[in-house]
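Counting in this note's numbering, the sequence shown runs from 101 upward without gaps. Before any comments, here is the structure.
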Amino acid sequence: MDMLAHSLPLPLAIDYSDEDRETTREDEEGILHALRHSDRVHYISLDLPSPKLRKIITTMDEQFPILERMYIESRTEGDRSLELPRTFQAPHLRHLILWRTALPIGSPLLTSTVGLVTLALGDIPPSAYFPPSYLLTQLSHMPQLENLAIHLYSPLPSRDVERQLLGTPIMTHLMLPNLRWFTFKGISAYLEGLLARISAPVLSDLEIVLFNQLTVTVPHFLQFMVTSEILSFSTVRLAFDNDFSDLVAFQLGEERSCRFKVQIMCRHLDWQVSSAAQILDTLQPIISVAEKLTLSHVTQNQSSKWHNEVDCTLWRQLFRPFSNLKTLHVQNELVGKVARSLQSDDGEPPLELLPNLKEVRYSGGDDARDAFTPFIDERQAAGHPVSPSMVGHSVFSRRRLR
């Protein structure tokens, strides 16, 4: 601290995490002392448990005129009571990431930081929820925004969001001309409240996490996607896990660079397939360009047999948007379920579903091959042969959203 007091007035960077060390009293005093020089702080990164973090951020109640980057995360999972002081301001802030640390409603911070490039608000507690209209108003002051993350901690009842939207005056459509990455976690009604009023023409990476809902309604999702750059993809992967399902789209050979991802948090396979089918139906005009679809299922929980038995009608609804699909890859225990659903219903033309399919790839050995035989024979008789091929088991690698 003595050295800081006698040093040249150069910009200060405060970067501290106690993830792999014990925070000492001297460490805390050093951070607090540096923050008192608010006119010199240009970078803040704090990753601490809530009690220690609270003591620090309560002192940040003034203007930080040259601050450009700030990352604050509470590592106390059960405590979401932290919030920035309402009087905190940083007019030159360009990157703001708050995780389990709320931004007070009414804070002038976002309206005064017109140069913001990154805004990430994660695990927003119910006490700090803001309606979509409030967020849109704040975003209207951020023409340079490139990265946006809004993650709600727990579901907000759809009726509450719908009531907020009905009571909100219709605002001018908001263009975010530089937004390239957008991730959202919450319910579909809140997401719709945003997507209905914004467009992002250069968006190239979209990640959505939806809480468990039996009915997923996102009619403006398609229009939002159509006005972005996300339409360029050829491959879709659907993974059904213990607690969620993942729908990921990307260009063939670019598995690590997904164009968009939708994760639905629900536990049972029948609910997961139903939710995925609803999303795919909404996005049918753009999903129809996909040429390859991979399906996988990981089960480690105690879901009842009843919940894991998916009606063939649901599977057929899921497949219907894939009118241009050339390759279907089905992994392991989904083989029997999918094979049965691909067989034509009584009186239905054999090419009604997946009319351009050329290849079925599957894992699981001879039993899997036998399961697809009726479908293969049916397509052969219709003059549109489908080639079966067995492949080794592979685990679908997923990158979870925080």
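For every residue, glycine included, the Cβ atom is placed at its ideal position computed from N, Cα and C. Model, not experiment: these values are computed from the prediction.
DSSP three-state assignment for residue i, whether helix, strand or coil
{"i": "threonine 123", "result": "coil"}
{"i": "glutamine 189", "result": "strand"}
{"i": "lysine 458", "result": "coil"}
{"i": "methionine 490", "result": "strand"}
{"i": "methionine 325", "result": "helix"}
{"i": "arginine 154", "result": "helix"}
{"i": "arginine 479", "result": "helix"}
{"i": "asparagine 342", "result": "coil"}
{"i": "glutamine 163", "result": "strand"}
{"i": "alanine 377", "result": "helix"}
{"i": "glycine 436", "result": "helix"}
{"i": "glutamate 409", "result": "coil"}
{"i": "phenylalanine 496", "result": "Unreliable positioning characterises phenylalanine 496 in this predicted model, as indicated by a pLDDT of 41, which lies under 50. The coordinate reading is nonetheless provided below. Correct three-state label for phenylalanine 496: coil."}
{"i": "threonine 427", "result": "strand"}
{"i": "tyrosine 143", "result": "strand"}
{"i": "threonine 335", "result": "strand"}
{"i": "leucine 291", "result": "helix"}
{"i": "phenylalanine 68", "result": "The structure shown does not extend to residue 68, since the chain is modelled only from 101 to 502, so the question has no answer here."}
{"i": "histidine 59", "result": "Past the edges of the chain, shown from 101 to 502, lies residue 59, and the structure says nothing about it."}
{"i": "isoleucine 330", "result": "coil"}
{"i": "proline 449", "result": "coil"}
{"i": "aspartate 118", "result": "coil"}
Which listed residue (the options) has its alpha carbon closest to that of residue i
{"i": "lysine 285", "options": "Asn312, Glu122 and Thr327", "result": "Asn312"}
{"i": "arginine 359", "options": "His368, Met365 and Ala349", "result": "Ala349"}
{"i": "valine 389", "options": "Thr413, Ser334 and Pro488", "result": "Ser334"}
{"i": "arginine 200", "options": "Arg440, Arg125, Gln417 and Leu146", "result": "Leu146"}
{"i": "glutamate 168", "options": "Leu148, Ile197, Ile379 and Arg175", "result": "Ile197"}
{"i": "phenylalanine 164", "options": "Lys155, Arg154 and Ile144", "result": "Ile144"}
{"i": "histidine 429", "options": "Val336, Asp477, Arg367 and Ala289", "result": "Val336"}
{"i": "serine 304", "options": "Thr315, Leu279 and Pro485", "result": "Leu279"}
{"i": "methionine 325", "options": "Leu295, Leu457 and Ala471", "result": "Leu295"}
{"i": "phenylalanine 472", "options": "Met490, Glu329, Pro455 and Leu219", "result": "Met490"}
{"i": "serine 212", "options": "Leu221, Ser227 and Arg186", "result": "Arg186"}
{"i": "glutamate 433", "options": "Asp445, Pro449, Leu395 and Lys458", "result": "Leu395"}
{"i": "aspartate 477", "options": "Tyr462, Ala249 and Ala439", "result": "Ala439"}
{"i": "proline 485", "options": "Pro450, Tyr462, Ser463 and Ala468", "result": "Pro450"}
{"i": "phenylalanine 344", "options": "Glu329, Gln363 and Ile330", "result": "Gln363"}
{"i": "aspartate 179", "options": "Leu148, Lys458, Asn247 and Leu453", "result": "Leu148"}
{"i": "arginine 194", "options": "Gly206, Ala220 and Thr413", "result": "Ala220"}
{"i": "glycine 444", "options": "Arg469, Gln372 and Cys412", "result": "Sequence inspection shows serine at residue 444; the glycine mentioned does not correspond to that position. Considering only alpha carbons, the answer is Cys412."}
{"i": "proline 208", "options": "Trp281, Leu235, Arg297 and Asp127", "result": "Leu235"}
Buried versus exposed, by CB contacts within 10 Å (16 or more), residue i
{"i": "lysine 361", "result": "buried"}
{"i": "serine 351", "result": "Position check: residue 351 holds glutamine in this sequence, whereas serine was assumed. Counting Cβ neighbours within 10 Å, glutamine 351 comes out exposed, since fewer than 16 surround it."}
{"i": "valine 460", "result": "buried"}
{"i": "histidine 397", "result": "buried"}
{"i": "aspartate 223", "result": "buried"}
{"i": "aspartate 341", "result": "buried"}
{"i": "leucine 203", "result": "buried"}
{"i": "glutamate 122", "result": "exposed"}
{"i": "alanine 481", "result": "exposed"}
{"i": "serine 487", "result": "exposed"}
{"i": "arginine 502", "result": "Because the pLDDT of arginine 502 is 36, which lies under 50, any placement of that residue in the model is unreliable, and the number read from its coordinates should be weighed accordingly. When all chains shown are included, arginine 502 counts as exposed."}
{"i": "lysine 152", "result": "buried"}
{"i": "arginine 499", "result": "Low per-residue confidence applies at arginine 499: pLDDT is 37, beneath 50, and the placement is therefore not dependable enough to give any value."}
{"i": "aspartate 346", "result": "buried"}
{"i": "leucine 110", "result": "exposed"}
{"i": "asparagine 456", "result": "exposed"}
{"i": "glycine 293", "result": "buried"}
{"i": "isoleucine 505", "result": "Residue 505 lies beyond the range of the chain shown here (101 to 502); nothing can be said about it."}
{"i": "valine 302", "result": "exposed"}
{"i": "glutamate 246", "result": "buried"}
{"i": "threonine 124", "result": "exposed"}
{"i": "serine 288", "result": "buried"}
{"i": "arginine 136", "result": "exposed"}
{"i": "threonine 218", "result": "buried"}
Residue j beta carbon less than 9 Å from that of residue i
{"i": "threonine 327", "j": "glutamate 307", "result": "no"}
{"i": "valine 214", "j": "glutamine 189", "result": "no"}
{"i": "alanine 300", "j": "leucine 338", "result": "no"}
{"i": "lysine 437", "j": "lysine 392", "result": "no"}
{"i": "isoleucine 512", "j": "histidine 192", "result": "The structure shown does not extend to residue 512, since the chain is modelled only from 101 to 502, so the question has no answer here."}
{"i": "threonine 382", "j": "valine 309", "result": "no"}
{"i": "threonine 159", "j": "leucine 184", "result": "no"}
{"i": "arginine 140", "j": "leucine 112", "result": "yes"}
{"i": "tyrosine 229", "j": "leucine 210", "result": "no"}
{"i": "leucine 442", "j": "valine 410", "result": "no"}
{"i": "proline 232", "j": "tyrosine 290", "result": "yes"}
{"i": "serine 150", "j": "serine 174", "result": "yes"}
{"i": "serine 375", "j": "leucine 314", "result": "yes"}
{"i": "alanine 377", "j": "leucine 418", "result": "yes"}
{"i": "isoleucine 379", "j": "phenylalanine 422", "result": "no"}
{"i": "arginine 416", "j": "glutamine 384", "result": "no"}
Any chain C beta carbon closer than 9 Å to residue i
{"i": "leucine 209", "result": "The displayed structure is made up of one protein chain only, and chain C is not part of it."}
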